[in-house]
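**Q** Residue numbers (our numbering), protein chains in the order written: chain A, 1 to 368; chain B, 1001 to 1368. Glycine included, each C-beta is placed from N, C-alpha and C at the ideal position. Since we're looking at a predicted model, the values are computed, not measured. Encoded as structure tokens, here's the structure I'll be asking about.
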DNA sequence: TGCACTATTGACAACGTGAGACAATTTTCA
DNA sequence: TGAAAATTGTCTCACGTTGTCAATAGTGCA
């Protein structure tokens, strides 16, 4: 299919859209998305216009039923007309409530999957009339302190601390309640929301055996990762429940320490186990990124995933899981729901010792 | 490499870390990351403790030089000790300045690459003492209106509107200055920051010819995409500069309309052009996601990227570009710098008609 | 007409901060 | 010692909102 490319090119700078500058056919713009005008005024001004008192305006805005219907209509018309919004700053001061929940994202917001932690939390904050303040922090830098100062200045009512991978942390309690997300306090001093990694691995392994696979090889993440330990346990337990002993089929396929750029040992391990007497019939990967690596390594060995060997994984990482060919069957980590749960705990005020473990969902594609 | 997995498992609920519940070796927790205590107090209280007057405390906090060094030290010590932060709400009200910049992310925050738009903007806001408020909105839903209301309530000083892909929009001006990010107003009524897609394609194509490739096939994005048009132009112009006519080697490889889940036509196109008389020696893809697809499709045709044929692309999408084997050579879109630029414009107040076009960077790997 | 009652509206203070005007006090210098 | 300078304090106001409480208007009844 050819693509027509007209006329000579001349790059001009200025305000006109590229398409026009280039002499190309104009692309239909997206439908109107007007931003409401913001009126920088106050209730006193509304009152003046409505020829009423300041307090009556306040009552209308706060839906106080003790207002005459006619008066209310008049005031609401004026508010709508000039697009007035009550000042949040003044409300905060008057009510001594900020409605602000802090979200400290320790590296989270830079990676795909865990964006869902942020999205889930923000959606709930939104639904429940709270304002979420997001901070990308990096441990060991001043960013954490600065975020704390900001949140203190805004009198945040609770703080969600989100880690980039499931881990143990050590966070001293302060005056503000904390909810730990994708991590937990080593001394259980804060409420926490984590993925149920044991269940994820158990369920996935159960499915694997149910489908008739008998020699799954688990290329797990580093042994210093909490998730690895839990998943390893779930893998072995589920195999045992199915009447098999699988501990010998588990390998550590990540050579870099936690947090560092991931380096896989998949090539060496695959070369080893695929040349052994009893070859695995399925490769279970610790994460979708590793699975992508495994697809390529298996290809190098002349094996086609889905035909010669099965692959399964953890994450359901967009867009990798769908783009791999064949599509990757994987256990989805419940990041979005974890974010939602954490925000609900933050708003409602959770018990310190509360730990929520959220289950994952099996996403079936063609690799298994 | 075997992985040791001890003891029987028993899942208990409660506050103790999983590793302990499971009888696993404890993982060393991350170093202490204490959150500062937030003192819910005011300057009057500080003054009481320092046995001084309210005004002097105010002077210290606002760095008034007319304060004795000793007094200043005493007050600062008390402020540090109890972790006092001046109430942002009160400051906003007093100063009539919110220091808030709104960031409306139209679907942006859900995809990998454009997270960098958010990161760049937030980093600058941070460095310059502003508070960025992030809203994920969806066109056509009420979320946009709600975000506007929130920003109005906080008396935002400027609003950044970020689109998920380079496009033309139609946003009516309001009382608050807008900066458009990854999009531009059809009538040039707002400052805008966009990637220089023409330059990206021109430079990449130039490099391709410099390296000796002579028959690149460009699998471009949909013709309704601004970026496609610009890149198509850049591709043809660069080829012409190198003394070749390449317009006939350009194809539209995306069949879904803009915004919808991407569907590629790569299989059909590749089958066609790879069986033609003059085969391409390089496949230039409209985005890294498409490149991943192309890797697999070429594999199906028995061709190995990097050996039998070269591939290049646009995005430098983490983690795909690095994980593909061989690594994908690609033009990086300057999302992070675009985010930074937009925030700087938002803070400094840009000319309405200002359009920044940021250049991309060639990231060299082994696919070319 | 007067009274009790309700419905509706209004006056005022206070939240925490910052700034101006100006007075009071202490320190420094000639 | 006196004058000038440095430092600190007192008082006031303003920002925009909302809770407390008082005032006013309207209604029904004797």
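1. Residue 173 of chain A to residue 189 of chain A, Cα distance in whole Å?
2. In whole angstroms, give me the CA-to-CA distance for residue 1229 of chain B and residue 297 of chain A.
3. Work out the CA separation of residue 1326 of chain B and residue 1305 of chain B for me, nearest whole Å.
4. What does residue 86 of chain A touch in chain B if you count any residue whose Cβ is under 8 Å from its own?
5. Under 9 Å, Cβ to Cβ, is there at least one residue of chain B near residue 98 of chain A?
6. What did DSSP end up calling residue 361 of chain A once you bin it into helix, strand or coil?
7. Quick check: the Cα distance between residue 332 of chain A and residue 1161 of chain B, rounded to an integer number of angstroms?
8. Checking 9 Å against the spacing of the C-beta atoms, do residue 361 of chain A and residue 196 of chain A come in under that value?
9. How about residue 1266 of chain B and residue 1247 of chain B: are their beta carbons less than 9 Å apart?
10. Within the continuous beta strand (DSSP E) that includes residue 1131 of chain B, where are the two ends?
11. Measuring alpha carbon to alpha carbon, tell me which of B:1235, B:1140, B:1292 ends up nearest residue 1201 of chain B.
12. Figure out for me which residue from B:1334, B:1184, B:1179, B:1147 has the closest Cα to the Cα of residue 1316 of chain B.
13. Residues of chain A with CB under 9 Å from residue 1327 of chain B, in chain order?
14. Measure the alpha-carbon distance for residue 1264 of chain B versus residue 185 of chain A and round it to whole angstroms.
15. From what residue to what residue does the alpha helix (DSSP H) around residue 289 of chain A run?
16. Roughly how many angstroms separate the alpha carbons of residue 1211 of chain B and residue 147 of chain A, rounded to a whole number?
17. Please list, in chain order, the residues of the segment 203 to 221 of chain A that have any C-beta partner in chain B closer than 7 Å.
18. Bridge partners for residue 305 of chain A per DSSP, in chain order?
19. Are residue 1104 of chain B and residue 1159 of chain B touching if we call contact CB-CB under 9 Å?
20. Could you tell me if the beta carbon of residue 1097 of chain B falls within a distance shorter than 8 Å of some heavy atom in the ligand ATP?
21. Taking DSSP as the reference, what is the three-state secondary structure of residue 329 of chain A?
22. Mind checking who residue 184 of chain A pairs with in its DSSP beta bridge?
23. Assign residue 1115 of chain B to one of three DSSP states: helix, strand, or coil.
24. Is the segment 1213 to 1231 of chain B touching the segment 1277 to 1287 of chain B in the sense that three or more CB pairs, one from each, lie closer than 8 Å?
25. What residue range is occupied by the uninterrupted alpha helix (DSSP H) comprising residue 234 of chain A?
26. Does residue 161 of chain A come out as helix, strand or coil in the three-state DSSP assignment?
27. What residues of chain B sit near residue 122 of chain A, judged by a beta carbon separation below 9 Å?
28. Relative to the alpha-carbon of residue 281 of chain A, which residue among A:239, A:269, A:215, A:318 has its alpha-carbon at the smallest distance?
29. Output yes if chain B places a C-beta closer than 9 Å to the C-beta of residue 53 of chain A; else output no.
30. Using the three-state DSSP reduction, which class does residue 1369 of chain B fall into: helix, strand or coil?
31. Using 9 Å as the limit for Cβ to Cβ distance, is residue 256 of chain A near chain B?
32. Taking all protein chains shown into account, do 16 or more other C-beta atoms lie within 10 angstroms of the C-beta of residue 1308 of chain B, making it buried, or fewer, making it exposed?
33. Could you give the residue range of the beta strand (DSSP E) that holds residue 1103 of chain B?
34. What residues match up with residue 200 of chain A in a beta bridge as DSSP calls it?
35. Please state whether the Cβ-Cβ distance between residue 1085 of chain B and residue 312 of chain A is less than 9 Å.
36. Mind checking which residues open and close the beta strand (DSSP E) that includes residue 323 of chain A?
**A** On the basis of the data shown:
1. 7 Å
2. 37 Å
3. 7 Å
4. 1153
5. yes
6. strand
7. 31 Å
8. no
9. no
10. 1131 to 1137
11. B:1235
12. B:1334
13. Ordered by position in chain A, no residue passes the 9 Å Cβ test against residue 1327 of chain B, which lies about 11 Å from the chain.
14. 46 Å
15. 288 to 300
16. 48 Å
17. 220
18. A:309
19. yes
20. In the structure on display, the ligand ATP does not appear, and there are no ligands present to speak of.
21. strand
22. A:168
23. helix
24. yes
25. 226 to 241
26. strand
27. 1109, 1134, 1135, 1136
28. A:215
29. no
30. Missing from the structure shown is residue 1369 of chain B; chain B here goes from 1001 to 1368 and no further.
31. no
32. exposed
33. 1100 to 1106
34. Residue 200 of chain A pairs with nothing; no bridge assigned.
35. no
36. Run containing residue 323 of chain A: none in the beta strand (DSSP E); it sits in the alpha helix (DSSP H), 320 to 323.
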